[in-house]
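Reading through the structure tokens given below for one structure.
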Amino acid sequence: MEVKNNKLQAKDLINVGIFTAIYFVIFFAGMMLGYIPIFIPLLGLVCPILCGIPFMLYLTKVKKFGMVSLTGIILGLLNVLIGAGVLVLIFGVVFGILGDLVLKAGKYQSWKCTLLGNGVFSLWIMGYVSRMFLTRTEFFTFLESNYGAEYTATLASYTPNWMFPVLFVVTFIGGILGALLGKAVLKKHFEKAGIA
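Taking our numbering, the leading residue of the sequence shown gets 4, the next gets one more, and so forth.
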């Protein structure tokens, strides 16, 4: 009986679909800030904060391993479809699973693991940002052909190579802040779900 309870059922997959869709819409809206070059390095901070409320509500419904992993995979696939490149899918898979493992370690009841889990999960966004560093020449060549030399030069000046590890930290902090915001707004839901 316990094995059956641990398997994802239809209602779990419905929750995955609904909340992943909401997350993606809010994430995509946040990404629009990228039209202003200075905001691109800050997307890892801004997007997890914006997505914090719906994702925290989602986590009150996550009680089984695999739901957050699926969300990471779907978000990665959606971004590949809109032309964000394969790195974002790889990061979605890796940090979706790692976020899920952190939540599972707290048996989906620990606030500390929920907080850390959201911080870890939010690092999937670095797959989007990583193109600026791991495929730098190709990325900026593509960017220049679409947005012009001035935009590209400005963004390049804001993102020297040493910024790469810094942005991982910034994105993790964004996830923590998003979780805190989400919990504050959804306090009653957390209490009902038994998440301390």
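Built from N, CA and C at the ideal position, the CB exists for glycine as well. Computed from a prediction, not measured in an experiment: that's the story for all the values here.
- Exclusion of the five residues before and after VAL188 leaves ILE56 as the residues of its chain whose Cβ lies within less than 7 Å of its Cβ.
- Here TYR154 carries a helix assignment [DSSP, helix/strand/coil].
- Its chain contains VAL105 as the residues whose beta carbon lies nearer than 6 Å to that of LEU119, once the 5 sequence neighbours on both sides are disregarded; these appear in chain order.
- DSSP places ALA32 inside the alpha helix (DSSP H), whose first and last residues are 13-34.
- Contact between LEU170 and GLY47 holds, since their C-beta atoms are separated by about 5 Å, short of 8 Å.
- Unbroken beta strand (DSSP E) runs of no fewer than 3 residues, entirely contained in the segment 121-169, are not found.
- Taking C-beta atoms under 8 Å as the contact rule, THR23 and ILE77 qualify, at a distance of about 5 Å.
- Spanning the alpha carbons of THR63 and ASN121 requires a straight line of approximately 12 Å.
- In its chain, beyond the 5 residues on either side, THR155 and ALA159 have a beta carbon closer than 7 Å to the beta carbon of PHE143.
- The three-state reading of DSSP puts LEU73 in helix, counting H, G and I together.
- For ILE56, the enclosing alpha helix (DSSP H) begins and ends at 55-62.
- THR74 is a Cβ neighbour of VAL19, given a cutoff of 8 Å.
- Just so you know, the alpha carbons of LEU146 and ILE41 end up roughly 15 Å apart.
- Taking the Cβ atoms as the reference, TYR26 lies roughly 6 Å from PHE58, within the contact range of under 8 Å.
- Rounded to whole angstroms, the gap between the alpha carbons of ASN9 and THR117 is 19 Å.
- Boundaries of the alpha helix (DSSP H) around VAL105: 90-108.
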